[in-house]
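A.B. asks: If you scroll down you'll find the structure; I have some questions about it.
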Amino acid sequence: MKQTHQKIYDLAAKLYPIPRSLTGDGVRQTLEIIKELLPNLEIHGVPSGTKCFDWETPKEWRIRDAYIVTPSGKKIAEFGQNNLHIVGYSTPQRLKMPLDELKKHIYTLPSMPDAIPYVTSYYKESWGFCISYEQFCALEDGEYEVFIDSELFDGVMNYGELIIKGESEKEVLISTYICHPSLANNEVSGPSVATYLADWIASKKRKYSYRILFIPETIGSIYYLSRHLEGMKKNTVAGFNLTCIGDDRAYSFISTRHGDKMIDKIARHTLKNIDANYKEYPFILSGSDERKYNAPGVDLPVISVMRSKYGEYPEYHTSKDNLSVISPEGLGGGFEALKQMIEAIEANEKYRGTTLCEPQLGCRGLYPTVSTHDTWRQVKALKNILAYCDGTKDLICVCEKIGEKIVDVLPIVDELRAQGLLEVCD
Amino acid sequence: MKQTHQKIYDLAAKLYPIPRSLTGDGVRQTLEIIKELLPNLEIHGVPSGTKCFDWETPKEWRIRDAYIVTPSGKKIAEFGQNNLHIVGYSTPQRLKMPLDELKKHIYTLPSMPDAIPYVTSYYKESWGFCISYEQFCALEDGEYEVFIDSELFDGVMNYGELIIKGESEKEVLISTYICHPSLANNEVSGPSVATYLADWIASKKRKYSYRILFIPETIGSIYYLSRHLEGMKKNTVAGFNLTCIGDDRAYSFISTRHGDKMIDKIARHTLKNIDANYKEYPFILSGSDERKYNAPGVDLPVISVMRSKYGEYPEYHTSKDNLSVISPEGLGGGFEALKQMIEAIEANEKYRGTTLCEPQLGCRGLYPTVSTHDTWRQVKALKNILAYCDGTKDLICVCEKIGEKIVDVLPIVDELRAQGLLEVCD
Amino acid sequence: MKQTHQKIYDLAAKLYPIPRSLTGDGVRQTLEIIKELLPNLEIHGVPSGTKCFDWETPKEWRIRDAYIVTPSGKKIAEFGQNNLHIVGYSTPQRLKMPLDELKKHIYTLPSMPDAIPYVTSYYKESWGFCISYEQFCALEDGEYEVFIDSELFDGVMNYGELIIKGESEKEVLISTYICHPSLANNEVSGPSVATYLADWIASKKRKYSYRILFIPETIGSIYYLSRHLEGMKKNTVAGFNLTCIGDDRAYSFISTRHGDKMIDKIARHTLKNIDANYKEYPFILSGSDERKYNAPGVDLPVISVMRSKYGEYPEYHTSKDNLSVISPEGLGGGFEALKQMIEAIEANEKYRGTTLCEPQLGCRGLYPTVSTHDTWRQVKALKNILAYCDGTKDLICVCEKIGEKIVDVLPIVDELRAQGLLEVCD
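Chains as they are written, first to last, in my numbering: chain A, 149 to 574; chain B, 149 to 574; chain C, 149 to 574.
Below, the structure written as structure tokens:
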């Protein structure tokens, strides 16, 4: 298990330096690395300008180099040094201008003076550089040169899609994004955990099918939904958006729009048992793809599972969200929580006893002959499972009602089913 | 706005000295003064003894003068000095009697020794005087003369009715009473606020129609309901009983019988945003006309909106409930709260977005180019309005869900409707 | 009333010494004593080995004598001294064995070293003795003689059944058990209170019929349900399991499986008004016959009413649960609480007013002419009863809603019905 956690971290470290954006070579390079681990991943390309709901897909952005030359001839804000220096989707420029003019195109973060902020301008043509506030304050007067070797052209927007077939057409959605440059928690943690989760899901027979998406944020989910909405509405029983799942300071999730779906209950139950201080954020604080999946008319039961929520940790959207923020423990904690939730989803049926009144447990070896505290806890759990599995509530509700953890209940349910005392209701 | 608050106070001051009762000249004089401001007000008269549900309308009471002459020849408890001195509906008397006998007909308030209490005997023929407990204690022994020049006769019970037509037959009820003598908060505050509210309602086009009643308490609402029940049950979407709405010590309301109507939610939302310490009184503590409007089988969604609730402030039902208890600020605060509630009722539809998934906001000028804290708050509110307006919940529920004030939400809803992004559901 | 409480205690004291078990002479002797007080009690016998649901009835157990002879020739653990010394359903033995061997058959309670524990082995053939831990520690090495003069044979399992017919076929179940040997709170309190409750129920005309059962725990209720399930499911409106209802340290009840039945509300309301510190135990902590009555597919609305709950008081299932634990006050408190609950069940209809709007109270003598605090409380209660009896909620819900005790409300309801102002809805 620990070994897997380290592998997740190693993948994150490999993906970290790649200069990603909504579109372009960085996205393709990222998807190719993931495909080495998940050979069945299909990589798709959507032409620029494709209509999807109220939106259309953006032009492809190619960035080769970008920097500023100071009056004294020093190169600063070099793209090659840190890909956060260039505002995402900056148009090509070769200009000279005084400092005052240049400042209109420079973004800093005065509240964190040694950090480079992360800025994009996807939906309005523009250009700019991001530097630390310290560097900004030290800029000398005089004439500056600006050089951006970029291109905005009709190309494609890429994404990856992996379908793992289960017994049922009903499916679970796992979605993560691959469109931020060198950000660790708020980017590479998501695809890294998703990759190893896909690997684990595929490792045994599943009741549900799994739809696993590696997409650019916002426009990626909007495009994908515009092409698969009907089937996904029909079949999706639960879903996860994976983001910021690599640090080890918290466990949290954003509920579905109304907070009343099976997956909300499973997330609450699972995270509470992992960390009594876990945080549930209401949907009104959501801002990633879970927002699109839950939109009215889309209405998929999708939550975001996170360690520290985006926007809630100090390094968010700065150059400080680097590999030191995430760890094998942080990534591994998120990975294990997701595994527990998926096991719960797979077992979460409405069950019903097969005997009227209570079955006799003693003659079936289900009643302890020597009683210890632990065996009595189990008998109590077993009897309460039989009492509350009356065909009206699913297993996660039964667990909450009887005050037992689903991880403890699953083996008892298996035993009762094996003995013919419990059956699944339609 | 302040000017209107002063006008409300001026009207209250003008109505204050008039000797009102359930019936009679004082009621008619009060209605005539209101009609000067609301020319469309219709003044009705109902003959004494008219059956209405389990009740019948009372005889008309005319009172010209009343006083007691002490053994030493001093006139006390003079009606002309304070109309609270005479028990409402006292029968005519011209008697001589010793102090002991007289005391059976004198009402005082030992807990507030310098105040004259307010007492009536509407439904049982009787007579009496109200004086301060201090005056009562100083009464000398000896023979007293009692003089009451009153009349109980078959006349009429009057009330005022104003219908303001809106686009819809659906209507909002505003009811207030005009049957107490010189009491300020517990009488003239209600009709004074109702008058200027009617004026404001009529000043622009409304979705709903408004039924505004100036009636004697209890028997007035019972009579009116007995004659208009079917139509009111069919059309009334919300209603207000206005009473004790002139002091500035509190904001409060009495909920509908089950506390679960649209108007309850609007009152909670509005008053909470005006005064975090506002009080909601459950219906079991109600005792004014809201009780009749909410009675089983009547079931109109009517609340009482008050500053300090009747029975809950020290001057209630005494001569101390005079003009010093109310103020332009107190009356104005109630007036503004009611305006907010009415604006909320008018806009409280179920809305639904017109685009699948989220619309693109940037291209519609709905996304800030420069972001400040305030613009982001608005974008967050706008996105959450779109997320929760899914046709299932009305706007007040959406506001509660997304944690926004309806006064802030209304202009955003207007903008989204203007841009064709939001529409009213049937 | 006090007299009845003493009688309940006297019955408990008479039943205490009898050596009961699931079956046998002790049970029959107990039922005969109860029949002296309830002549209509029917005593039934079910042959051993009768199938009932997943179970079958046990063999009859006859125990004449049992003891151990120590190496020094002393008789210990004599059945005749305390019937808890012998493990229930022990098979006949006449053996010699060393101390080490004997110890495998001896049960003690180290946490309460001077108490004899209560142990049975109903469903697996076995034998054993129970002694105090102090006595156990003092056992000398050497050879011991074991003597158990018992018999397990095909006989009968007995129970008592009393049906008290009311106006309706709908019925209330009262169930208690008669299968523990000399235990006071956890045995004789139940049948003693049930006996006098049956007597009180039969003393006046009832709306509901009453089914009162004196049965061996677990197998008794399972057998009875297997033979009467259909009728009981159709007719049972509420039910009580009576156990541990004789000490005076607490009031408590175990709710029905979902805690949402009429009887749950009545128990909460009644016990709260008797003792603000009463305890409600969720059904997941249940372990007596209420568990069988509430099982899925059985689904009878049965609660257990107790003073101190089984398993929650220190003397439970030991020789210390003797007559000093219970008292006339303890038994009487439980008895009175049950009477209140039964009165509430009998009156718990949905009522509806007969007049539209509010009736006029004054002309019916229902409005105080002189008002004191007490009369006003009553008028407030009366008006709120009329306001909330709208045919949608039963009386116990109305009482909770209006904040009145049902014991105070019942006479007002009677008066309103007598005056024709309130009627029962279908």
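The beta carbon of each residue, even a glycine, is placed where N, CA and C say it ideally should be.
Treat the numbers as computed from the prediction; the structure is a model and nothing was measured.
1) Could you check which residue in B:I414, B:I363, B:R405, B:C511 has the C-alpha nearest to that of B:P339?
2) Using only the alpha-carbon positions, how far apart do C:P246 and C:D289 sit?
3) Specify, as a first and last residue, the run of the beta strand (DSSP E) that B:Q241 falls within.
4) For A:M489, which residues in the same chain have their Cβ closer than 6 Å to its Cβ, ignoring the five residues on either side in sequence?
5) Can you give me, in chain order, the residues of the stretch 191–221 of chain B that have a beta carbon less than 7 Å from any beta carbon in chain C?
6) From the DSSP output, in three-state form, read off B:T540 for me.
7) What in chain C is Cβ-close to A:D538, meaning under 7 Å?
8) Got a sec: which bits of the stretch 478–508 of chain B sit with their beta carbon under 8 Å from any beta carbon on chain A, in order along the chain?
9) Would the stretch 188–207 of chain B and the stretch 218–225 of chain B be scored as touching if the rule is three or more Cβ pairs under 8 Å?
10) Does C:C511 come within less than 9 Å of chain B when only Cβ atoms are used?
11) Which residues, taken in chain order from the stretch 549–571 of chain C, show a beta carbon closer than 7 Å to some beta carbon of chain B?
12) Could you tell me whether the Cβ of C:N532 comes closer than 9 Å to any Cβ of chain B?
13) For the candidate residues C:E563, C:P430, C:V453, whose alpha-carbon lies nearest to that of A:G551?
14) Taking the beta strand (DSSP E) that A:V235 belongs to, which residues open and close that run?
15) Could you give the DSSP three-state label for B:A332: helix, strand or coil?
16) State yes or no: is the C-beta of B:L530 within less than 9 Å of the C-beta of B:L504?
17) For the pair the stretch 432–448 of chain A and the stretch 534–543 of chain B, tell me if three or more CB-CB distances fall below 8 Å.
18) C:K155 and C:Y344 look like a contact to me (Cβ under 8 Å); what is the Cβ gap, rounded to whole Å?
19) Would you say A:I370 reaches chain B, if we count a Cβ-Cβ gap shorter than 9 Å as a contact?
20) Please confirm whether C:I432 has its beta-carbon closer than 9 Å to some beta-carbon of chain A.
21) According to the Cβ coordinates, are C:I211 and C:C278 closer than 9 Å?
22) Counting only Cβ-Cβ distances shorter than 8 Å, please list the residues of the stretch 391–414 of chain C near chain E, keeping chain order.
23) Using a Cβ-Cβ cutoff of less than 8 Å, which residues in the same chain neighbour A:M410 once the five nearest sequence positions on both sides are dropped?
24) Looking at the structure shown, is A:T502 part of a helix, part of a strand, or coil, going by DSSP?
25) Residues of the stretch 254–275 of chain B with a CB closer than 7 Å to any CB of chain C: list them in chain order, please.
26) Checking 9 Å against the spacing of the C-beta atoms, do A:V336 and A:I191 come in under that value?
27) I'd like the span of the alpha helix (DSSP H) that includes A:L558, first residue to last.
28) Are the CB atoms of A:S323 and A:D412 within a distance shorter than 9 Å?
29) Please list, in chain order, the chain A residues whose beta carbon lies closer than 9 Å to that of C:K162.
30) Under 6 Å Cβ to Cβ from B:G193, same chain only, skipping five residues before and after it: list those, please.
31) Name the residue from B:K549, B:I560, B:T540, B:E293 whose alpha carbon lies nearest to the alpha carbon of B:D574.
32) Assuming A:A107 and A:I422 make a contact with CB atoms under 8 Å, what is their CB distance in whole Å?
33) Taking the C-alpha atoms as reference points, what is the distance between C:E463 and A:V555?
34) Check whether the stretch 507–516 of chain B and the stretch 356–370 of chain B are in contact - that is, three or more C-beta pairs closer than 8 Å.
35) Going by CA-CA distance only, name the one from B:S259, B:E249, B:T502 that's closest to B:T466.
36) Spatial neighbours of B:P165 within its chain, please: C-beta separation below 7 Å, excluding the five flanking residues on both sides.
C.D. replies: Looking at the atomic coordinates:
1) Walking along the second sequence from the start, residue 339 of chain B turns up at place 191. In this structure, B:I363 is the residue among B:I414, B:I363, B:R405, B:C511 with its C-alpha nearest to the C-alpha of B:P339.
2) Taking the third sequence and counting its residues from 1, the one referred to as residue 246 of chain C is at position 98. Taking the third sequence and counting its residues from 1, the one referred to as residue 289 of chain C is at position 141. Those two C-alpha atoms are separated by around 7 Å.
3) As a first step, residue 241 of chain B is located in the second sequence; it is residue number 93 there, counting from the start. Taken as a continuous stretch (DSSP letters only), the beta strand (DSSP E) holding B:Q241 covers 241–246.
4) Locating residue 489 of chain A in the first sequence gives position 341, where the first residue counts as 1. The answer, listed in chain order, is I414, T418.
5) Listed by position, the residues of the stretch 191–221 of chain B near chain C (Cβ gap below 7 Å) are F201, D202, W203.
6) Translated into the one-based positions of the second sequence, residue 540 of chain B becomes position 392. Here B:T540 sits in strand by DSSP.
7) Within the first sequence, the letter at position 390 stands for residue 538 of chain A. Under the 7 Å cutoff, chain C gives P444.
8) Those residues of the stretch 478–508 of chain B that come within reach of chain A (Cβ to Cβ, closer than 8 Å) are R500, G501, T503, L504, C505, E506, P507, Q508.
9) Contact check between the stretch 188–207 of chain B and the stretch 218–225 of chain B: fewer than three CB pairs, one atom from each, fall below 8 Å, which does not count as touching.
10) Taking the first residue of the third sequence as 1, we reach residue 511 of chain C at position 363. So yes, C:C511 belongs to the interface.
11) From the stretch 549–571 of chain C, only I550, G551 have a Cβ closer than 7 Å to chain B.
12) Stepping through the third sequence from its first residue, residue 532 of chain C is reached at position 384. For C:N532, the answer is yes, since a Cβ of chain B falls inside 9 Å of its Cβ.
13) In the first sequence, counting from the first residue as 1, residue 551 of chain A sits at position 403. Restricting attention to C:E563, C:P430, C:V453, the CA atom closest to the CA of A:G551 is found in C:P430.
14) For the purposes of this step, residue 235 of chain A is identified with residue 87 of the first sequence, where counting begins at 1. Secondary structure note for A:V235: it is in no beta strand (DSSP E), with a DSSP letter that is neither H nor E.
15) What you label residue 332 of chain B is simply residue 184 of the second sequence in a count that begins at 1. DSSP, read as helix, strand or coil, puts B:A332 in helix.
16) As a position in the second sequence, residue 530 of chain B is number 382, starting the count at 1. As a position in the second sequence, residue 504 of chain B is number 356, starting the count at 1. Not a contact, by the Cβ cut-off of 9 Å.
17) The stretch 432–448 of chain A, when compared against the stretch 534–543 of chain B, does touch it at the 8 Å Cβ threshold.
18) What you label residue 155 of chain C is simply residue 7 of the third sequence in a count that begins at 1. What you label residue 344 of chain C is simply residue 196 of the third sequence in a count that begins at 1. Yes, they are in contact, since the Cβ atoms of C:K155 and C:Y344 sit about 6 Å apart, within 8 Å.
19) On the first sequence, residue 370 of chain A is found 222 positions in, with the first residue counted as 1. Chain B, which has a Cβ nearer than 9 Å to the Cβ of A:I370, makes this yes.
20) Stepping through the third sequence from its first residue, residue 432 of chain C is reached at position 284. With 9 Å as the cut-off, C:I432 counts as an interface residue toward chain A.
21) Here residue 211 of chain C refers to the residue found at position 63 when the third sequence is read from its first residue. Here residue 278 of chain C refers to the residue found at position 130 when the third sequence is read from its first residue. No. Outside cutoff.
22) The displayed structure is made up of protein chains A, B and C, and chain E is not among them.
23) Taking the first residue of the first sequence as 1, we reach residue 410 of chain A at position 262. The answer, listed in chain order, is V385, A386, P449, I493, N496, D542, I544.
24) What you label residue 502 of chain A is simply residue 354 of the first sequence in a count that begins at 1. Coil, per DSSP.
25) Listed by position, the residues of the stretch 254–275 of chain B near chain C (Cβ gap below 7 Å) are Y271, K272.
26) Taking the first residue of the first sequence as 1, we reach residue 336 of chain A at position 188. Taking the first residue of the first sequence as 1, we reach residue 191 of chain A at position 43. Going by beta carbons, A:V336 and A:I191 fall outside the 9 Å limit.
27) Numbered from its first residue, the first sequence carries residue 558 of chain A at position 410. Here the alpha helix (DSSP H) through A:L558 covers 554–566.
28) Taking the first residue of the first sequence as 1, we reach residue 412 of chain A at position 264. Taking the first residue of the first sequence as 1, we reach residue 323 of chain A at position 175. When the beta-carbon positions are compared, A:D412 and A:S323 stay at least 9 Å from each other.
29) The count along the third sequence starts at 1 and reaches residue 162 of chain C at position 14. Against chain A, a Cβ distance below 9 Å from C:K162 picks out nothing, because the smallest value is about 33 Å.
30) Position 45 of the second sequence holds residue 193 of chain B. Correct list, in chain order: V304, N306.
31) Translated into the one-based positions of the second sequence, residue 574 of chain B becomes position 426. It is B:T540.
32) This structure leaves residue 107 of chain A out entirely; chain A is present only between 149 and 574.
33) Taking the third sequence and counting its residues from 1, one reaches residue 463 of chain C at position 315. Taking the first sequence and counting its residues from 1, one reaches residue 555 of chain A at position 407. Their backbone Cα atoms lie some 36 Å apart in a straight line.
34) No, the stretch 507–516 of chain B does not touch the stretch 356–370 of chain B.
35) As a working mapping, residue 466 of chain B is identified with position 318 in the second sequence. Its Cα nearest to that of B:T466, the residue B:S259 stands out among B:S259, B:E249, B:T502.
36) Reading the second sequence from its first residue, position 17 is the one you call residue 165 of chain B. Listed in chain order, the non-local C-beta contacts of B:P165 below 7 Å within the same chain comprise S330, local neighbours out to five positions each way being set aside.
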